[in-house]
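Q: Numbering (the numbering used here), first residue to last: 416 to 1171.
Yeah, the Cβ is synthetic: ideal placement off N, Cα and C, and Gly gets one too.
Below is a structure I'd like to ask you about.
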Ligand code: FUC
């Protein structure tokens, strides 16, 4: 018996070892280029690790190191680098890897007959970046450690510490401190470097920060960072490496392990860059697709944590003094896309920096003196397309619907978590003032409709050329009734209606908003069957522009769905076919979400192929080009949408197509005052993923869903309910109603019957 248990344990352990591999990016050579380096981050402090054997480089960032201010755009700035030069011979059996489960970077190799390992992570609980270098023989670490800076900081050594202290041209003071702790041997300051001699192991602790305060009421400035950094490092230096590591891994896993996705086995012996190259050639690799899905979750955890700033265009990772598009917050798709996976994939906490930023922008833009974006009646706010953390802007592209799109995220937090306190305190007041903003702006349109007066289909026109309105790339020329504006306002009003109903407040205003919503000019189908981008039927079937803003209603909106508005859905399909499957990274990521919402898994998967082919770099970063992380997050959201979709199907919205209305009344849903959530299982499963399972996906209404499938068909589903909300579960042609008590779960079989 004992022997049997031992064999069983051995089997379990070896299976676990195999199972560990699919969630690791690994390579047989160090990074040469920055986009081959691998990212670690704790939400604010990020490192890009090149992983050289004797010559290590870690470029680092801290997310508040921003030029600009409340009016000037500035740009996100790189901090500096840590360089290590070990005196070692040539490496053998080299490997570097990023383990997504543990958020741990590892380098291992042999040199001079010694086995060396190096582990690096950025800890959220301890707020330090830790790199530990070990060897299997004592006294084998000798070399030089340097800290560099990108902005002419004063760099000096003090005992076993390197300190870089300086200020940006906007006056923002900053500092980085690198502490080098040795076991055995010595560490000595030599000028502005540290020399390590014959140490057994070496642990580097890095902390970096600025005098930025994430608060417009403090005019964005707080205490200098020196004391804070010293205190963090002192605390971390008082802990063992194992303590720091275990606290970090535990903290990361609390978030990361909420969702598991299995799409197939990963080849154990093929490094990630080789698999990527094969995928680019068209070779199937579902496990790589699952890895990229989880990478998006990893990257969000690493670049967006409570208390910090939202993830910018590059997350938190940037080595350029003049990053593309300032590495800022572009609100006509990019910033929102960053956060699409947050609620869907169980990372609600990571959504919080965006909420704080939206609240900050409300403060800034309600007090703006900028005539171009000031509101006429002082209700609500809006701003430009591209903004920095403080609200400073490039002043390109006045973008009025941005606040309405941004507050959708506040609504989503409630829709997914059913957190009434958040709804009452944060989401509802924010939604209401933007509703008021649009109430003040809407004007009468054709046939008694309401239209937005001066819209724009982002970056796609119309623009004035020689006195003529033309559909082409460029800054906006105000134009009424643009589909993008109309759809975002519809979404805003719908979210507001549900929010006020959920809280049982403002019934009179709710009725007014419902009346306004019913008059909004809706999506229109044009002369070639397309969904119109403008009020006028002027779309060009040969136009492949990357922005598909007029499909907002399909995703991330909910005005269009094959289940509720099949004609509009068919028109959206015509539009997507015309736009084609090729575009920039984020544009393809959006298209994956669109095709998922159209329930076309094979087409979504075809776009996934296009994304891999041209828009995924060796370190699995998405590239626009250049590198831009929105595509990573849009991809993760798209995969989740292929496996599970959820919407509030409250019949009162009149948003059900007749068959659904019938089903709803058959299951006595019709007439219920409370929202009814439809949980659509495997709505867009592609043939390329015949076998698989997913657990922990979140659905609106406070549900967590686990699914398994084989031969492309659902085999089992478990629905967990946190709040006891009623739901309809749909798979293929089956629909069933569930009324689960709060905190309970129900297992269903392929026919959606209770599993025995
Ligand atoms: C929008 C897009 C660009 C780019 C930039 C950051 O302007 O049109 O393609 O993604 O944001």
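#1: Measuring only the C-alpha atoms, how far is residue 965 from residue 595?
#2: Helix, strand or coil: how does DSSP classify residue 474 here?
#3: Looking only at DSSP bridge pairs, what is residue 1040 linked to?
#4: Looking only at its own chain, which residues have a Cβ that is under 6 Å from the Cβ of residue 506, when we skip the five neighbours before and after it?
#5: Would you check whether the ligand FUC has a heavy atom nearer than 7 Å to the C-beta of residue 810?
#6: Using the C-alpha atoms, what's the distance from residue 1047 back to residue 707?
#7: Would you kindly work out how many angstroms separate the C-alpha atoms of residue 391 and residue 941, rounded to a whole number?
#8: What does residue 869 pair with, by DSSP beta-bridge criteria?
#9: If you draw a straight line from the alpha carbon of residue 785 to that of residue 778, how long is it in whole angstroms?
#10: Hey, how far is the Cα of residue 950 from the Cα of residue 871?
#11: Taking DSSP as the reference, what is the three-state secondary structure of residue 671?
#12: Going by C-alpha to C-alpha distance, which of 497, 850, 839 sits closest to residue 920?
#13: Out of curiosity, what's the CA-to-CA distance linking residue 832 and residue 762?
#14: By DSSP's criteria, residue 1162 is part of a beta bridge. Which residues make up the other side?
#15: Excluding five sequence neighbours on each side, which residues of the same chain lie with their C-beta closer than 6 Å to the C-beta of residue 726?
#16: Which residues does DSSP pair with residue 558 in a beta bridge?
#17: Less than 7 Å separating the Cβ of residue 732 from some heavy atom of the ligand FUC?
#18: Using 8 Å as the cut-off, can you tell me whether the region 553-565 makes contact with the region 497-515, which would need three or more C-beta pairs spanning the two stretches below that distance?
#19: Would you decide whether residue 823 is buried or exposed? Buried here means 16 or more other CB atoms lie within 10 Å of its CB.
#20: Touching or not, the region 952-966 and the region 744-752, by the rule of three or more beta carbon pairs under 8 Å?
#21: Reducing DSSP to helix, strand and coil, say where residue 1083 ends up.
#22: Could you check what DSSP says for residue 937 in three-state terms: helix, strand or coil?
#23: In the DSSP assignment, the alpha helix (DSSP H) including residue 708 goes from what residue to what residue?
#24: Please report how far the alpha carbon of residue 958 lies from the alpha carbon of residue 927, in whole angstroms.
#25: Please name the residue, chosen from 1139, 1101, 553, that lies closest to residue 699 on a Cα-to-Cα basis.
#26: What residues are listed by DSSP as bridge partners for residue 1181?
#27: I need the straight-line Cα distance from residue 605 to residue 572, nearest angstrom please.
#28: Candidates 874, 1027, 484, 591: which alpha carbon is nearest residue 696's?
#29: Counting only the same chain and skipping the five closest in sequence on each side, list residues whose C-beta sits under 8 Å from that of residue 845.
#30: Near residue 1033, what residues of its chain come up, given a Cβ to Cβ distance below 6 Å and the 5 sequence neighbours on each side ignored?
#31: Mind checking which residues open and close the beta strand (DSSP E) that includes residue 969?
#32: What residue range is occupied by the uninterrupted beta strand (DSSP E) comprising residue 1124?
#33: So what's residue 421 in DSSP terms, helix, strand or just coil?
#34: Suppose the cutoff is 7 Å on Cβ atoms and the five residues either side in sequence are ignored; what does the same chain contact list for residue 1159 look like?
#35: Whose C-beta lies closer than 7 Å to the C-beta of residue 1139 among residues of the same chain, with five residues either side of it excluded?
#36: DSSP on residue 747, reduced to helix/strand/coil?
A: In this structure, then:
#1: Here residue 965 is taken as the residue at index 550 of the chain shown, counted from 1. Here residue 595 is taken as the residue at index 180 of the chain shown, counted from 1. Taking the straight line from one Cα to the other gives about 54 Å.
#2: Counting from one through the chain shown, the residue named residue 474 turns up at place 59. Here residue 474 carries a strand assignment [DSSP, helix/strand/coil].
#3: Reading the chain shown from its first residue, position 625 is the one you call residue 1040. According to the DSSP secondary-structure assignment, residue 1040 is paired through a beta bridge with no residue.
#4: Numbered from 1 along the chain shown, position 91 holds the residue referred to as residue 506. Cβ within range, chain order: 468, 524, 526.
#5: Translated into positions along the chain shown, residue 810 becomes position 395. Checking the Cβ of residue 810 against the ligand FUC gives no.
#6: Within the chain shown, numbered from 1, the residue matching residue 707 stands at position 292. Within the chain shown, numbered from 1, the residue matching residue 1047 stands at position 632. If I take the Cα positions, the gap works out to 8 Å.
#7: Since the first and last residues shown for the chain are 416 and 1171, residue 391 lies out of range.
#8: Along the chain shown, read from residue 1 onward, the residue named residue 869 stands at position 454. The beta-bridge partner set that DSSP reports for residue 869 is empty.
#9: As a first step, residue 785 is located in the chain shown; it is residue number 370 there, counting from the start. As a first step, residue 778 is located in the chain shown; it is residue number 363 there, counting from the start. Each residue's Cα considered, the two are about 14 Å apart.
#10: As a position in the chain shown, residue 950 is number 535, starting the count at 1. As a position in the chain shown, residue 871 is number 456, starting the count at 1. Between residue 950 and residue 871, the C-alpha separation is close to 11 Å.
#11: Locating residue 671 in the chain shown gives position 256, where the first residue counts as 1. For residue 671, the secondary structure class from DSSP, reduced to helix, strand or coil, is helix.
#12: One-based indexing of the chain shown puts residue 920 at position 505. Of the candidates 497, 850, 839, the one whose C-alpha sits nearest the C-alpha of residue 920 is 839.
#13: As a first step, residue 832 must be located in the chain shown, where it is residue number 417. As a first step, residue 762 must be located in the chain shown, where it is residue number 347. Distance between the alpha carbons of residue 832 and residue 762 is about 11 Å.
#14: In the chain shown, the residue the question calls residue 1162 occupies position 747. As a beta-bridge residue in DSSP terms, residue 1162 pairs with 1133.
#15: Translated into positions along the chain shown, residue 726 becomes position 311. Answer for residue 726: 718, 719, 753, listed in chain order.
#16: Here residue 558 is taken as the residue at index 143 of the chain shown, counted from 1. DSSP links residue 558 through a beta bridge to 501, 611.
#17: Against the chain shown, residue 732 aligns to sequence position 317. Distances between the C-beta of residue 732 and the heavy atoms of the ligand FUC are all 7 Å or more.
#18: Counting Cβ pairs under 8 Å, three or more are found: they touch.
#19: Taking the chain shown and counting its residues from 1, one reaches residue 823 at position 408. Result: buried.
#20: By the Cβ test, the region 952-966 is in contact with the region 744-752, since at least three Cβ pairs between them sit closer than 8 Å.
#21: Position 668 of the chain shown, counted from the start, is the residue given in the question as residue 1083. The predicted position of residue 1083 is uncertain, since its pLDDT is 46 and thus under 50; a value taken from the coordinates is nonetheless stated next. DSSP places residue 1083 outside both helix and strand once states are collapsed to three, so it counts as coil.
#22: Here the question's residue 937 lines up with position 522 in the chain shown. Residue state, collapsed to three classes: coil.
#23: Against the chain shown, residue 708 aligns to sequence position 293. Unbroken alpha helix (DSSP H) run through residue 708: 701-718.
#24: Walking along the chain shown from the start, residue 958 turns up at place 543. Walking along the chain shown from the start, residue 927 turns up at place 512. Spanning the alpha carbons of residue 958 and residue 927 requires a straight line of approximately 39 Å.
#25: Numbered from 1 along the chain shown, position 284 holds the residue referred to as residue 699. Comparing Cα-Cα distances from residue 699 to each of 1139, 1101, 553, the minimum goes to 1101.
#26: There is no way to answer for residue 1181, as the model of the chain reaches only from 416 to 1171.
#27: Position 190 of the chain shown, counted from the first residue, corresponds to residue 605. Position 157 of the chain shown, counted from the first residue, corresponds to residue 572. Rounded to the nearest whole angstrom, the CA to CA distance from residue 605 to residue 572 is 7 Å.
#28: Here the question's residue 696 lines up with position 281 in the chain shown. For the residues 874, 1027, 484, 591, the minimum Cα distance to residue 696 belongs to 1027.
#29: In the chain shown, the residue the question calls residue 845 occupies position 430. Around residue 845, the same chain offers 773, 774, 777, 822, 825 as residues with beta carbons nearer than 8 Å, after the five sequence neighbours per side are excluded.
#30: Translated into the one-based positions of the chain shown, residue 1033 becomes position 618. Only 451, 688 meet the Cβ criterion.
#31: By one-based count along the chain shown, residue 969 stands at place 554. Note, residue 969: premise wrong, no beta strand (DSSP E); not H, not E.
#32: For the purposes of this step, residue 1124 is taken as residue 709 along the chain shown, with counting starting at 1. Run containing residue 1124: 1118-1125, per the beta strand (DSSP E) assignment.
#33: If you number the chain shown from 1, residue 421 lands on position 6. Because residue 421 carries a pLDDT of 44, less than 50, the predicted location of this residue cannot be relied on, and the following value inherits that uncertainty. Looking at residue 421 - three-state DSSP - the assignment turns out to be helix.
#34: For this step, residue 1159 is matched to residue 744 along the chain shown. Excluding the 5 residues flanking it on each side, residue 1159 has same chain C-beta neighbours closer than 7 Å at 1136, in chain order.
#35: The sequence position of residue 1139 within the chain shown is 724, counting from 1. The residues are 1155, 1156, 1157.
#36: Within the chain shown, the letter at position 332 stands for residue 747. Here residue 747 sits in coil by DSSP.
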